[in-house]
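Have a look at the structure below, then the notes.
2 protein chains.
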Amino acid sequence: MSSVPLFWFWHFCGGGLAIEAAGGRITVHDLARAAGVSLATVDRVLNGRPGVRPATVARVEEAIARIGFRRDLTASMLARARDIRLAFILPEGTNQFMARLAEAVETVGAQARGERMVFELDRIRSIDAQALADALDAIDAETHDGAVIVAIDKPAVHAAVARAVGRGLKIVTLVSDLPGSARHAFVGIDNVAAGRTAGGLMGRFCPNGGRVVLVAGSMGLIDHAERVSGFRDIIGSEFPGLEISGPIEGQDAFALTYENALAFFRENPDIAGVYNVGAGNAGLIMALAEAGLAGKVRFVAHELTGPTRAGLGSGVIDVVLDQSPEDEVRAVWAAMRRLVLGPDAAPPETPIEIKVFLRDNLR
Amino acid sequence: MSSVPLFWFWHFCGGGLAIEAAGGRITVHDLARAAGVSLATVDRVLNGRPGVRPATVARVEEAIARIGFRRDLTASMLARARDIRLAFILPEGTNQFMARLAEAVETVGAQARGERMVFELDRIRSIDAQALADALDAIDAETHDGAVIVAIDKPAVHAAVARAVGRGLKIVTLVSDLPGSARHAFVGIDNVAAGRTAGGLMGRFCPNGGRVVLVAGSMGLIDHAERVSGFRDIIGSEFPGLEISGPIEGQDAFALTYENALAFFRENPDIAGVYNVGAGNAGLIMALAEAGLAGKVRFVAHELTGPTRAGLGSGVIDVVLDQSPEDEVRAVWAAMRRLVLGPDAAPPETPIEIKVFLRDNLR
DNA sequence: AATGAAATGAGGTACGTACGCCAAAATCAT
DNA sequence: ATGATTTTGGCGTACGTACCTCATTTCATT
Chain A
0 MSSVPLFWFW
10 HFCGGGLAIE
20 AAGGRITVHD
30 LARAAGVSLA
40 TVDRVLNGRP
50 GVRPATVARV
60 EEAIARIGFR
70 RDLTASMLAR
80 ARDIRLAFIL
90 PEGTNQFMAR
100 LAEAVETVGA
110 QARGERMVFE
120 LDRIRSIDAQ
130 ALADALDAID
140 AETHDGAVIV
150 AIDKPAVHAA
160 VARAVGRGLK
170 IVTLVSDLPG
180 SARHAFVGID
190 NVAAGRTAGG
200 LMGRFCPNGG
210 RVVLVAGSMG
220 LIDHAERVSG
230 FRDIIGSEFP
240 GLEISGPIEG
250 QDAFALTYEN
260 ALAFFRENPD
270 IAGVYNVGAG
280 NAGLIMALAE
290 AGLAGKVRFV
300 AHELTGPTRA
310 GLGSGVIDVV
320 LDQSPEDEVR
330 AVWAAMRRLV
340 LGPDAAPPET
350 PIEIKVFLRD
360 NLR
Chain B
0 MSSVPLFWFW
10 HFCGGGLAIE
20 AAGGRITVHD
30 LARAAGVSLA
40 TVDRVLNGRP
50 GVRPATVARV
60 EEAIARIGFR
70 RDLTASMLAR
80 ARDIRLAFIL
90 PEGTNQFMAR
100 LAEAVETVGA
110 QARGERMVFE
120 LDRIRSIDAQ
130 ALADALDAID
140 AETHDGAVIV
150 AIDKPAVHAA
160 VARAVGRGLK
170 IVTLVSDLPG
180 SARHAFVGID
190 NVAAGRTAGG
200 LMGRFCPNGG
210 RVVLVAGSMG
220 LIDHAERVSG
230 FRDIIGSEFP
240 GLEISGPIEG
250 QDAFALTYEN
260 ALAFFRENPD
270 IAGVYNVGAG
280 NAGLIMALAE
290 AGLAGKVRFV
300 AHELTGPTRA
310 GLGSGVIDVV
320 LDQSPEDEVR
330 AVWAAMRRLV
340 LGPDAAPPET
350 PIEIKVFLRD
360 NLR
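Now the structure itself:
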């Protein structure tokens, strides 16, 4: 190996007055020179510190655009004394999906730590707007850069978000949004599209027509309602041979879903398909087995969890639509990077994809 | 609010006699002290430089494990004057998929540049083993860190890969692997699983049985052959009501696919489904239209390109299975990071997913 | 035991940005 | 014009790793 100290090279060919060194990058020094200001002023502008005249800010920004300056994030992260700290506030409880989300926060968090980003996980009482608001208020803007919440659409939460943003925190909503609030970004899937995808599959699965039944946790949950709506759309417009019953509501609970579904199946043994927009899949599978319908009925479910995975394996469930919590947490990570460090910090946001799983493309 | 910073957990349960300072990270200095060697030796071990006795290497590695040292990638990237340089060698030609791949190399490359990784794109004559070998031989290990190739399973390529690895280059195969060679990693989907997924969908789409026809570019292409094989597996074992014809081969070319398919449809107007494992979708769509079968036949295709996207939109194609080139290039990026910078540099590899698209979950 | 090679130590500069401090200059109010 | 205030400049240090040079120690050979 012919060792050529690279920094020598840099000095010789880039050190002069050139704004852009041959092989080198454009640094804050180049920017200062190009804008005709000092390094200190450049720093003030770049980091939004006070004490710079608007005219000067404009000069610097013009120079940024002109010479194509992009701040080096590796150096930037290195120089910041403290890591980026995020608080994830998730509802507690036995909900399978929230458990997956919490797990994703840990696994993705372990990777993020290598890039100087620290995730904290707070669990609060489920569907408790005041608990969420309190948790948000408790976050200190001195020690944290932002918070991630699964939003509940209540005034108390709106107010707490506004206060948090006022303190300088970055707020991202996850899975469930808070439209019209001060939150900076939302990360989650398009649930109407998910319902429509389910409808498209179910329609094709049942070319001979028949009755399809909807199952949900509660139509009071926005994401469930949206999925139902998308499903109805597609079936209504493209598969007129299918009739829709339900939704049967089971509060995403095993026992209740089982009972309500079994009662329905007993009365309608000629059912052609089932679409569960919610979480009570274990109970639903049991009810199907009990009614002697397992495998004879097309079954579309949501969220790749223990029960749905098993259902795919045994052939009871045909398709599972999934929103990957890992992808979502990763998207939060990217969004927070760009919110905290500036627009260069992350790739442009791509919407979270709805993943379609059959037995054969299970990961 | 029970706030549990995740890294505390690490320190408490894994840190042991942790040497590190209260708020700071574990640095190479700590590591040197813990291993009882100098900074220079630590550096030699960490960066695989020669001139360290095996026993000393072991001492340092033991210390790394003991105190939980993880090299700070931000600092590491900052300190290496040079960016990571990769050469992507892709076959030229009108192939839609390769065009998508090339595009992905550019778009993902633009993001990667922000993290000091540079992608170079070389195009070579299609399916020309010698051209590939030559291109590989032409890569200078002084200026490049690695190469990414769509492998062709020929001795000349095996030899060139071995030479490249000998020069210190990291080699990753993309889409098409080179098992048994010296290449460091492979990035691509499981094509047998893709074929099985297609079979599972097609079977459920045709509950009344019937004849399904396979279309391929050439059974000489390994990925096409694997998809056909997976499809046959599933249909044979789970959907005995379906009969399989073909494969019709069209060399992935518009005209040939159109002609061969049209001839087949003319003779078999009662067809129930089509599965095209290859690329000639535009010709196939035209043949279906010509035969008056568009929309009446279940159609599963591969790769989300212009024609397949349009086909989904118009309802001619029911499902498109996709291997996202962007994901693949990103996976290459991660794999190369860890190959060049060490195991901490990238998340553990996840297999590339087979994506399932209907009209309703199109991105 | 002498000799040369290999292994290790000591210490430095560099990467590009963050951030702090204090002085100098420009601007404003009086 | 004077003093008060805001804006800007100059300079230094820090972050953690890479990679260079040169001095010193250890080890195997003869």
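Protein chains in written order, with numbering that gives the first Met the number 0: chain A, 0 to 362; chain B, 0 to 362.
Idealized CB from N, CA, C, for every residue including glycine.
Being a predicted model, the structure only gives us computed values, none of them experimental.
Distance, residue j Cα to residue i Cα
i        : j        : result
Ser125/B : Ser175/B : 13 Å
Arg374/B : Thr196/A : Any answer about residue 374/B is impossible in this case: the structure gives chain B only from 0 up to 362.
Arg69/B  : Ile25/B  : 7 Å
Pro49/A  : Arg115/A : 26 Å
Arg362/B : Ala333/B : 24 Å
Ala262/B : Thr256/B : 10 Å
Phe356/B : Ala62/A  : 45 Å
Arg358/B : Ala128/A : 37 Å
Ala111/A : Thr73/A  : 14 Å
Asn94/B  : Ala109/A : 40 Å
Arg99/A  : Leu120/A : 13 Å
Glu360/B : Phe87/B  : Note on residue identity: the sequence assigns Asn, not Glu, to residue 360/B. About 31 Å.
Val328/B : Val156/B : 21 Å
Arg65/A  : Asp42/A  : 18 Å
Thr307/A : Arg58/A  : 58 Å
Ala31/A  : Ser37/A  : 5 Å
Val104/A : Ile148/A : 12 Å
His10/A  : His28/A  : Only weak support exists for where His10/A lies, its pLDDT of 33 falling under 50; the value from the coordinates is given anyway. Roughly 14 Å between the two C-alpha positions.
Gly187/A : Ile138/A : 23 Å
Glu102/B : Ala158/A : 45 Å
Limits of the beta strand (DSSP E) - the one that residue i falls within
i        : result
Val273/A : Gly272 to Asn275
Phe264/A : Note, Phe264/A: premise wrong, no beta strand (DSSP E); alpha helix (DSSP H) at Phe253 to Glu266.
Ala293/A : Premise fails: Ala293/A is in no beta strand (DSSP E) and is neither H nor E.
Arg84/B  : Ile83 to Pro90
Ala215/A : Gly209 to Ala215
Leu120/A : Met116 to Ile123
Asp317/B : Note, Asp317/B: premise wrong, no beta strand (DSSP E); not H, not E.
Thr142/A : Per DSSP, Thr142/A belongs to no beta strand (DSSP E) and is neither H nor E.
Ser244/B : Leu241 to Glu248
CB-CB length for residue i against residue j, believed under 8 Å
i        : j        : result
Gly279/B : Asp251/B : 5 Å
Phe253/A : Gly282/A : 4 Å
Gly202/A : Ile233/A : 7 Å
Val160/B : Val331/B : Not confirmed; about 15 Å, so no contact.
Glu363/B : Asp321/B : The displayed coordinates of chain B run from 0 to 362. Any statement about residue 363/B would go beyond what the structure contains.
Arg210/B : Ser244/B : 6 Å
Residue i in three-state terms, based on DSSP
i        : result
Arg48/B  : coil
Ala20/B  : Here Ala20/B scores only 37 on pLDDT, less than 50, and its place in the model is too uncertain to base an answer on.
Ser324/A : The amino acid occupying residue 324/A in the given sequence is Pro; Ser does not appear at that position. Reduced to three states, the DSSP call for Pro324/A is helix.
Ala300/B : strand
Ser37/B  : coil
Glu352/B : coil
Phe185/A : strand
Thr26/A  : coil
Leu220/A : coil
Val174/A : coil
6 Å Cβ shell around residue i - same chain, five flanking residues per side excluded
i        : result
Gly240/A : Gly208
Gly249/A : Leu255, Thr256, Asn259 and Gly279
Glu352/B : none
Pro350/B : none
Cβ shell of residue i (< 8 Å), same chain only, five flanking positions each side left out
i        : result
Val339/A : Ile83, Asp144, Gly145 and Lys169
Glu91/A  : Met97, Arg122, Ile123, Arg124 and Ser125
Glu60/B  : Val44
Ser2/A   : With a pLDDT of 34 at Ser2/A, under the threshold of 50, the predicted position of this residue should be treated as unreliable, and no value is reported.
Arg162/B : Leu135 and Asp136
Close Cβ partners of residue i (< 7 Å) along its chain, the five nearest in sequence each way excluded
i        : result
Ala21/B  : In this prediction, Ala21/B has a pLDDT of 37, which is less than 50 and means its spatial position is unreliable; nothing more can be read from the coordinates.
Val191/A : Glu225, Ser228 and Gly229
Val315/B : Ile284, Leu287, Ala293, Gly294 and Phe298
Phe8/B   : The predicted model places Phe8/B with a pLDDT of 33, which falls under 50 and marks its position as unreliable, so this point remains unresolved.
Asp33/A  : At residue 33/A the sequence reads Ala, which differs from the Asp that was named. Closer than 7 Å at the Cβ level, and outside the excluded window around Ala33/A, lie Ile18, Ala62, Arg65 and Ile66.
Where the alpha helix (DSSP H) through residue i begins and ends
i        : result
Phe96/B  : Gln95 to Arg112
Phe204/A : Asn190 to Phe204
Gly282/B : Asn280 to Glu289
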